Every structure is written in structure tokens, then in C-alpha cells.
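**Q** Next up is a structure, given as C-alpha cells.
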Amino acid sequence: METLDLSGYRHIVFFTGAGMSAESGVPTYRGKGGTRGSYSIGEYACQEAFERVPEKVLGFHEKRRRFVLDCEPHEGHRVIAGMADAAVVTQNIDGMHQRAGSRNVIELHGSLWRLRCDACGFRKEDYGGTYETLQCGCGAWLRPGITWFGDVLDASVMNRAAEVISSCDLFVGIGTSGVVWPAAGFPAFAHESGAYCIEINPEPSGAASYDRVIEGTAGEVLPQLFGGR
Ligand code: OAD
């Protein structure tokens, strides 16, 4: 595959989903080996469950953190991180882009490495396998800073994503099935905003907005397409 000539592009956005981390060993949600259906959302991944038994929900998320800590970013993450001026808009909560060195990462669905207190507004970053503390200084339980089923997305995060997508001229969608909204609308939004849109996926999403579709994995395609930068 030929290396892409980037001389005509000034603002690049990488839009990533679970497939981006698949070669790091983090399972996707849907498809073969996907985690969907492997745990009960009602027991572990919604606000009601957290309010009912916070320790159980926090314990489940600690396990997810430990699993992800045993995984490493791959060459594809590093290629993206090497393009320091590009923005990353990700649906992933695993923090792999940042671990690879990306700095401008917009996390649409939050992060496994953040906690927040809904009682007093306190926010905390915490990167260990085990949470440093489960409770806020105000006495309330700290809640994982991720988007659970039934949650509303953070409007300021969505606005930042919309801003970088509307002004990009190259949009690269990687490893997303494109079925979860509002993120599913981003390729069309980028296309309508005038960006050239590329999809990288071994099983392409079928989204009509992509100008070029590359059937392959993130770890294989990214170094070839953007290699040597
Ligand atoms: P999915 O699990 O729905 O889709 C994963 C995509 O990655 C599929 O299109 C696969 O073909 C592709 N894929 C698999 N291996 C790949 C590889 N090595 N390289 C590139 N692509 C690969 O994941 P998402 O689209 O990210 O939301 O799911 C979106 C949202 O659904 C998640 O953020 C999560 C979930 O509900 C929340 O938790 C709010």
C-alpha cells in the first residue's frame, strides 16, 4: 500500500472505536470475541446499578482497569501519536491513545481512568489497577467517569469533537461498527464539512460517507498508510 501524501491536508482527525484496540488485546463490543452480552449492563454498567450497590460496580470497573493495564498500545496507536498535530476522537475508554503518546484526545464515552463525584462535582484521575479511594472527601461514592447505558453524553466533549471534525480536511475512521449514536454520525458530518474520509476496518462498516475504504486492521494499515512519520 502506498504511503498517503499528506501535503494537501492541514487538519487531520482520527476517529477510533473498539477495533483500534483489538490488536492490543482489548476485546471489541460487537462481533467475534466481543464483550456485549458477557456481563449484565443492569448489574454493572448503569447508574441504577451504581446507586444500588456501588462497591460491586466499582469492583467490576477495577477488573476492567487491570485487564487493560496488562495490554499495550500497538504500532497503529504509535503512528497516530507520532502525528502530533492530529486530533483523536475516540469512543474508547481504555486510554491506549494517551499511553502511546497522543495528547489531543477527545474521549466521547469518558475514561476508565477518571472518577467523579456527582454529589459535589469533584473529579479525579486515577491510573492504578486498584482505585486509590472509592469515596469522595464529601462522603459520597466516586463514580467511574465513563458513559453507561442510559447516560447523557457530556455536551462540552461533544462540542469539542464537533469543532475538530467540522474543521478537518482528512478524517480517518478506524475500528468502529458505526452503530452507536451520536458518534455514528461523525463520518457523514466530516464528509459534509468537506473532509476526505478514509475507513480502516477488516469488516468495513458500510457507512456511505467514506471516500476510501481499506479492508485491514489498524495495526497493519496505519504504519503502511502513514508510515515513517
Ligand atoms: P464495536 O465493537 O461495535 O465494533 C468494533 C469494530 O472494530 C468492528 O467494525 C470490527 O470490524 C472492527 N475491528 C475489529 N478488529 C479490528 C482491527 N484489528 N482493526 C480495525 N478494526 C477492527 O465497537 P465500537 O464501534 O467502538 O459505547 O462501539 C461503539 C460503542 O458501542 C462503544 O464505545 C460502547 C458500545 O456500546 C459505550 O459504552 C457508550
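Under my numbering, the sequence shown is numbered contiguously, ending at residue 456. For glycine and all other residues, C-beta sits at the position ideal for the given N, C-alpha and C. This structure is a prediction, so every number in the text was calculated from the model and none was measured.
Do the segment 240-256 and the segment 304-315 touch if we need at least three Cβ pairs shorter than 8 angstroms?
**A** Yes, since at least three Cβ pairs between the segment 240-256 and the segment 304-315 fall closer than 8 angstroms, the two stretches touch.
**Q** Among G337, P254 and A422, which one has its Cα closest to the Cα of S436?
**A** Checking every option, the nearest Cα to that of S436 belongs to A422.
**Q** Considering only the beta carbon of each residue, do S251 and M310 sit closer than 7 angstroms?
**A** Against a cut-off of 7 angstroms, the Cβ pair of M310 and S251 comes out as no contact.
**Q** Can you tell me whether Q318 is helix, strand or coil according to DSSP?
**A** Coil, per DSSP.
**Q** Check whether the Cβ atoms of M247 and I401 lie closer than 7 angstroms to each other.
**A** Yes.
**Q** How far does the alpha helix (DSSP H) with Y271 in it extend, from its first residue to its last?
**A** Unbroken alpha helix (DSSP H) run through Y271: I268 to Y271.
**Q** Compute the minimum distance between the beta carbon of H301 and the heavy atoms of the ligand OAD, and state whether it is under 6 angstroms.
**A** Outside the cutoff, so no.
**Q** How many whole angstroms separate the CB atoms of V295 and V253, which I take to be in contact at a CB cut-off of 8 angstroms?
**A** Contact flag correct, Cβ pair sits at about 6 angstroms.
**Q** Is any heavy atom in the ligand OAD found nearer than 6 angstroms to the beta carbon of S404?
**A** Checking every heavy atom of the ligand OAD against the Cβ of S404, one is found closer than 6 angstroms.
**Q** Taking one C-beta from the segment 349-358 and one from the segment 376-396 each time, how about it: are there three or more such pairs within less than 8 angstroms?
**A** No, because fewer than three Cβ pairs between the segment 349-358 and the segment 376-396 fall closer than 8 angstroms, the two stretches do not touch.
**Q** Hey, could you find the ends of the alpha helix (DSSP H) S383 is sitting in?
**A** From DSSP, the alpha helix (DSSP H) with S383 extends over A382 to S393.
**Q** Do T230 and G454 count as a contact pair if the criterion is CB distance below 7 angstroms?
**A** Their beta carbons are under 7 angstroms apart, which means G454 touches T230 by this criterion.
**Q** Suppose only complete runs of 3+ residues qualify. What are the beta strand (DSSP E) ranges in the segment 406-454, listed by chain order?
**A** With a minimum length of 3 residues, the continuous beta strand (DSSP E) runs that stay inside the segment 406-454 are 423-427 and 439-441.
**Q** With DSSP run on the structure shown, which of helix, strand or coil describes K259?
**A** Here K259 sits in coil by DSSP.
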